[in-house]
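Asker: First the structure, then my questions, so here it is.
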């Protein structure tokens, strides 16, 4: 038996007409050839042309590229939905660019008209491209491989030999062999037709269907998402209601009823840090123990929340995102009665947790004259003080090695009852007066745990208690569709791998009785594109089938031996005379791409 013959010579006209044998190896639509005598398209014609362009894979890939480029400004320019403070700061620093960005919608890219237009066009393009191809592929799966073309020797990979076995025996052996190799095979007339590699087209369709699912999942997630932040001090709790959040933002279709019902209490925050080496101050342990309940009457459960290891409750995820200290202070009036006692969370300014904030006494305080007043203290805290010799109030290490609290004192009206929301970490001093020390300067003092700063004129005092609590900052995220997006991404990867590494191909085996009564076997293969895999696979199949239907020598024209006395060739050896080669006039091969165009 000869080696499998391949020939990539190009043919035209009728030589390329393989009928159904070379068609439908893919569900890709065939583009119409342009004609110079086409009449005017008209409105319907132009609409049909536009739809065909929009639903082509070429345009879908272009829109996908445009969507990626359109997302770049959303990453580089501050977005209103993410950080309004940064947007306001950008407007102040860029008087010329800010109005331009406003007109272009660059401060709110993902909800802008042009971004939405690209998103919707991509969605329509993918659906219009994939749905017809999916139905076509389903039809191919329900059908059978097409029958063999009239001349198998014109295909890119082919081989032939003569055998003493009956044609029916050869076809039965070929059918059994192809099915064993997981081909879809059936007998058609005097030949067996088989096809394999449907996973390629299935992977291609799965990849693009997965893109559609991802688009839907991302859009759904953006419309119904919510994200809020909350600082909770050790011993305090949080309930997932809108009023409990320090800041909150959500998608356009989100409602308060979509909030997952749960609550939790922070039992303890644990943070340890690297003491020596180049990574000194780097956190080693960063975790929070919480007790949580699901729903209004849920059972209490314990959980440990770590960085990148959130607590998952229904569709909500609770992330640990920040940490700081909350010194406990006690404020007394001039009579020594406690008017305020609580842990005050302060915001960190650097990696060593140098922190600042304010202490506000809104109710219950009366000045020495008996009038109601409000007190305010500007607080500056360092967990590890460098000492007065350092000349700076900056922490030297994030752990509580040498805590010091610096306070400035004010009295008056904090404007908390004005109806305008205020930050708990800032103080409005427009109606506040400074407490003065003996030198007439602003009253201020450095306190270590247990020390007290006395206000002048019998106005009271503030004590820095020895109990220093820690707080944990949580981010509660609800983004539906995340599971669908992840599943679609994995499906897209698998589909892309299948479409790249699997080749769809067809094999035909014809066995007919020749004029001399000897069976002639022809085998040929055709793939979606030129590849060494089709000839190799065909050669392997032919070798196996040849063992079941061994060859016989071709008859000599005159019955005489070779002139040089060379014995006849072994019909089973490669290159035997009974094998047709591509040098024959009728054996010129048709390339796969040319075959598919017919």
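Residue numbers (this note's numbering): 411 to 1008. Note that CB positions come from ideal geometry on N, CA and C, so glycine has one too.
#1: For the stretch 598-672, list the beta strand (DSSP E) runs that are entirely contained and at least 3 residues long, ordered along the chain.
#2: By alpha-carbon positions, which one of 570, 811 and 676 ends up nearest to residue 791?
#3: Give the straight-line distance between the Cα atoms of residue 741 and residue 748, rounded to the nearest whole angstrom.
#4: For a quick check, are the C-beta atoms of residue 664 and residue 648 less than 8 Å apart?
#5: Are there three or more Cβ pairs, one per stretch, closer than 8 Å when the stretch 471-491 is compared with the stretch 548-567?
#6: Which residues in the same chain as residue 575 place their Cβ atom closer than 7 Å to its Cβ, once the five residues preceding and following it in sequence are excluded?
#7: Tell me which residues share the same chain as residue 841 and place their Cβ nearer than 7 Å to its Cβ, disregarding the 5 neighbours each side in the sequence.
#8: Rounded to whole angstroms, what's the CA-CA distance from residue 533 to residue 452? Just pull it up for me.
#9: Please tell me whether residue 913 and residue 607 are closer than 8 Å, where the distance is taken between their beta carbons.
#10: Taking the alpha carbon of residue 592 as the point to measure from, which residue in 951, 573 and 964 has its own alpha carbon closest?
#11: Starting from residue 920, follow the beta strand (DSSP E) in both directions and report where the run begins and ends.
#12: For residue 739, which of 753, 806 and 537 has the nearest alpha-carbon?
#13: From this set, 530, 634 and 775, which residue's C-alpha is nearest residue 751's C-alpha?
#14: Could you tell me which residues DSSP pairs with residue 885 in its beta bridges?
#15: Measuring only the C-alpha atoms, how far is residue 737 from residue 706?
#16: Which one of 679, 843, 658 and 570 has the shortest CA to CA distance from residue 949?
#17: Bridge partners of residue 596, per DSSP?
#18: Please identify the residue among 535, 947 and 711 whose C-alpha is closest to the C-alpha of residue 723.
#19: Given this structure, state the Cα-to-Cα distance separating residue 526 from residue 502, to the nearest angstrom.
#20: Are the beta-carbon atoms belonging to residue 637 and residue 887 less than 8 Å from one another?
#21: Can you list, in chain order, the residues of its chain whose CB lies under 7 Å from that of residue 630, leaving out five sequence neighbours each side?
#22: Let me check one thing: in DSSP terms, what residues is residue 702 bridge-paired to?
#23: Assuming residue 915 and residue 962 form a contact by the criterion Cβ under 8 Å, report the distance between their Cβ atoms to the nearest whole angstrom.
#24: Let me check one thing: in DSSP terms, what residues is residue 538 bridge-paired to?
#25: If you follow the beta strand (DSSP E) that residue 722 is in, where does it begin and where does it stop?
#26: Curious, which full-length alpha helix (DSSP H) runs of at least 4 residues does the stretch 922-958 contain?
#27: Express the C-alpha separation of residue 716 and residue 493 in angstroms, rounding to a whole number.
Answerer: Straight from the coordinates:
#1: Whole beta strand (DSSP E) segments, 3+ residues: 601-606, 636-643, 647-649 and 657-660.
#2: Measuring from the Cα of residue 791, the nearest candidate turns out to be 811.
#3: Straight-line Cα distance between these residues: approximately 6 Å.
#4: The criterion of a C-beta distance shorter than 8 Å is not satisfied by residue 664 and residue 648.
#5: No, because fewer than three Cβ pairs between the stretch 471-491 and the stretch 548-567 fall closer than 8 Å, the two stretches do not touch.
#6: Cβ neighbours of residue 575 beyond the five flanking positions: 929 and 959.
#7: Cβ neighbours of residue 841 beyond the five flanking positions: 822, 823 and 825.
#8: CA-CA distance, residue 533 to residue 452, rounds to 27 Å.
#9: For residue 913 and residue 607, yes; Cβs fall inside 8 Å.
#10: Residue 951 is the option with its Cα nearest to residue 592.
#11: Segment 915-923, the beta strand (DSSP E) holding residue 920.
#12: Nearest option by C-alpha distance: 753.
#13: The candidate whose alpha carbon is nearest that of residue 751 is 775.
#14: Among the bridge pairs identified by DSSP, residue 885 is matched with 639 and 729.
#15: Those two C-alpha atoms are separated by around 32 Å.
#16: Comparing C-alpha distances from residue 949 to each of 679, 843, 658 and 570 shows the shortest one belongs to 570.
#17: Answer is 603.
#18: Selected option, being the one with the closest Cα: 711.
#19: Taken atom to atom, the span from the alpha-carbon of residue 526 to that of residue 502 is near 28 Å.
#20: Contact: yes.
#21: Once the five neighbours on either side are set aside, the close Cβ partners of residue 630 are 890 and 891.
#22: Looking at the DSSP assignment, residue 702 forms a beta bridge with 674 and 711.
#23: Incorrect: roughly 29 Å between the Cβ atoms, too far for contact.
#24: Bridge partners of residue 538: none, in fact.
#25: Taken as a continuous stretch (DSSP letters only), the beta strand (DSSP E) holding residue 722 covers 721-723.
#26: Complete alpha helix (DSSP H) runs here, min 4: 943-958.
#27: Residue 493 and residue 716: Cα-Cα distance of roughly 25 Å.
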